[in-house]
Amino acid sequence: MTDGMEDSGETVLAIGLMSGTSVDGIDAALVEITDRQGMLSVQLQSGFTYAYDENLRAEILAVCAGEPRSLQQICELDDQIARSFAAAAIAIAAKSDRSPQLIGSHGQTVFHRPPRELQNLSAGAVSLGYSVQLGRGAAIAALTGIKTISDFRVADIEAGGQAAPLVPMADLLLLSHPQYCRVCQNIGGISNLTFLPPQAIAHPEQVFGFDNGAGNVLIDMATQRLFNLPFDRDGAIARQGNANLQIVNQWLQHPFFATHPPKSTGRELFSPIYFEQCLADCQQCPDRMSDHDIVATITEFTVKAIANSYHDFLPKLPDQLLVSGGGSRNLYLMERLQALLNPITVMRTDDVGLDGNYKEAIAFALLGYLRLKERYGNLPSVTGAKRSVLLGKINEGNLS
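With our numbering, letter number 196 in the sequence shown gets 351, and the count goes up by one each step, no holes.
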């Protein structure tokens with residue numbers, strides 16, 4: 156085993172699969188990974204989002220919201236998600252005349268609990284987190300015939316970590332800069348960042364990251380409820396409203412935002428119940444708020460939580476902010492981020508050569524490659540794990 160530099164001089168074709176907190180489909184990325192003396196680079200060959208069947212998506216969201224299901228139903232859901240992930244892999248593999256050598260599949264998170272103090276246990280009991288991703292890798296490997304690496308979060312949890320975020324390893328390998336201090340800010344369903352000091356590749360212990368809070372998840376809920384639209388395209392709805400800053404500041408008093416990293420979150424906190432309380436706060440406000448005002452207020456809450464976390468928890472403000480995920484396409488959100496974080500240069504990861512739409516799928520292709528090469532995949536300075544570990548379970552594609 157090694158976490159150092161290898162001189163493999165190889166190029167492999169890999170597939171990365173990812174479905175996030177928004178549950179809006181499976182992002183599939185077909186990438187060429189080149190390894191030159193342990194220094195990795197990736198070239199995106201093709202990327203697309205494979206939509207979930209509407210009934211399957213509704214069932215995933217129901218389980219994420221805590222609706223009770225039998226163990227048999229959970230197992231059947233696991234199989235359904237695996238079939239969808241395998242279909243996405245087969246579809247994107249067909250876009251190349253070469254056969255992919257591996258699949259790195261994150262699966263679909265349906266439950267995430269960060270480490271916490273467990274009550275009523277004997278002294279010295281270990282307090283571990285828990286994270287569940289459905290869409291088992293063994294089924295994907297069997298259906299595609301391609302070696303599949305899955306269950307990336309388990310080993311970090313067993314080492315005492317949050318198991319989130321995991322993308323910072325890919326940020327370190329692909330986006331660190333010799334001169335600039337960078338923050339890679341992903342805004343998917345949940346928002347999370349990676350702090351990369353200059354020359355971070357030589358000092359990985361200085362890299363850290365954490366979840367900022369809600370990303371698109373609450374904005375999407377508001378847009379769906381109030382406007383019957385899946386999301387706020389370009390932030391056009393929020394732009395027409397006026398944010399209620401008093402309510403925004405009230406929401407920012409939640410203990411999560413004051414908690415020091417390492418920290419992670421998900422739909423367990425930013426749930427439909429949480430959204431309903433936000434909606435009630437707006438609708439009961441003495442200053443009458445329009446539906447546009449409500450979306451603007453939730454958008455401002457999302458952006459301000461991100462900006463506040465920079466001032467509260469980063470050792471220094473970055474020179475450059477590289478944004479990825481669906482939130483990077485929300486023009487109004489990006490404008491508000493730039494306004495709150497001036498004079499930091501706010502860009503998309505696309506501007507430095509990494510497609511922000513498929514960045515997380517690319518990351519899991521890369522993490523799959525690291526696992527096959529027995530290179531560590533987590534960053535303890537990010538997740539809070541006690542040690543570096545290999546991430547992922549290898550499932551062979553050939554069952555014969």
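Note that beta-carbon positions come from the ideal geometry of N, C-alpha and C, so glycine has one too. Predicted, not measured: the structure shown is a model, and the values here were computed from it.
| query | result |
| --- | --- |
| Where arginine 191 and glycine 164 are concerned, what is the direct C-alpha to C-alpha distance, given to the nearest angstrom? | 5 Å |
| Any chance the stretch 400-410 sits against the stretch 342-352, with 3 or more Cβ pairs inside 8 Å? | no |
| Give me the Cα-Cα distance between tyrosine 205 and isoleucine 181, rounded to the nearest whole angstrom. | 5 Å |
| Output the residue ranges of the alpha helix (DSSP H) runs that lie fully inside the stretch 298-350 and measure 4 residues or longer, sorted by chain position. | 309-313 and 323-330 |
| As a quick exercise: from Ile517, Lys528 and Ser445, pick the residue whose alpha carbon is nearest that of alanine 184. | Ile517 |
| Which term fits proline 410, buried or exposed, when burial requires 16 or more other beta carbons within 10 angstroms of its beta carbon? | exposed |
| For tyrosine 531, name the three-state secondary structure that DSSP assigns. | coil |
| Pick helix, strand or coil for isoleucine 229, following the three-state DSSP scheme. | helix |
| Strictly by DSSP, which residues pair up with phenylalanine 365? | Leu348 |
| Whole angstroms are fine: how far does the CA of tyrosine 513 sit from the CA of alanine 242? | 17 Å |
| Rounded to whole angstroms, what is the Cα-Cα separation between arginine 271 and serine 419? | 12 Å |
| State the Cα-Cα distance for the pair tyrosine 465 and proline 416, rounded to the nearest angstrom. | 12 Å |
| Using the beta-carbon count (16 or more within 10 Å), is serine 286 buried or exposed? | buried |
| Tyrosine 207 lies in the alpha helix (DSSP H); which residues open and close that run? | First-last for tyrosine 207: undefined, no H or E at that position. |
| Rounded to the nearest angstrom, what separates arginine 380 and alanine 294 at their Cα positions? | 36 Å |
| Distance, Cα to Cα, arginine 291 vs alanine 237? | 6 Å |
| What does the alpha-carbon distance come out to for the pair threonine 538 and arginine 443? | 42 Å |
| Relative to the alpha-carbon of valine 501, which residue among Lys528, Ala520 and Leu472 has its alpha-carbon at the smallest distance? | Leu472 |
| Could you spell out where the beta strand (DSSP E) holding phenylalanine 266 opens and where it closes? | 257-268 |
| Pick from Ala357, Glu360, Cys339 and Ile356: whose alpha carbon is nearest that of phenylalanine 350? | Cys339 |
| Contact between the stretch 536-551 and the stretch 316-323: three or more CB pairs below 8 Å? | yes |
| Give the straight-line distance between the Cα atoms of glycine 368 and glutamate 423, rounded to the nearest whole angstrom. | 12 Å |
| Let me make sure I understand the geometry here. Which of Leu232, Glu231 and Ala246 has the alpha-carbon closest to that of glycine 171? | Ala246 |
| Tell me whether glutamate 360 sits in a helix, a strand or coil according to DSSP, three-state version. | helix |
| Can you tell me where the beta strand (DSSP E) holding lysine 548 begins and where it ends? | 548-550 |
| In terms of DSSP beta bridges, what is glycine 171 paired with? | Ala184 and Gly259 |
| Can you tell me which residues form a DSSP beta bridge with glutamine 288? | Thr264 |
| With distances taken from CA atoms, which of Ala413, Pro255 and Pro385 is nearest threonine 299? | Pro255 |
| In this structure, does DSSP put methionine 376 in helix, strand or coil? | helix |
| Do the stretch 481-498 and the stretch 450-468 touch if we need at least three Cβ pairs shorter than 8 Å? | yes |
| Using DSSP's beta-bridge definition, name the partner residues of serine 201. | Leu185 |
| Could you tell me if lysine 302 is buried or exposed, where buried requires 16 or more neighbouring beta carbons within 10 angstroms of its beta carbon? | buried |
| Could you tell me the alpha carbon to alpha carbon distance between leucine 329 and asparagine 383, rounded to whole angstroms? | 38 Å |
| Buried or exposed, going by whether 16 or more other CB atoms sit within 10 Å of the CB of alanine 249? | exposed |
| Rounded to whole angstroms, what is the Cα-Cα separation between serine 555 and alanine 297? | Since pLDDT at serine 555 reaches only 47, below the 50 mark, its modelled position is unreliable, and the value read off the structure follows with that caveat. Rounded to whole angstroms, serine 555 to alanine 297 spans 10 Å at the Cα level. |
| Report, in whole angstroms, the separation of the C-beta atoms of serine 260 and serine 305, which I expect to be a contact under 8 Å. | 5 Å |
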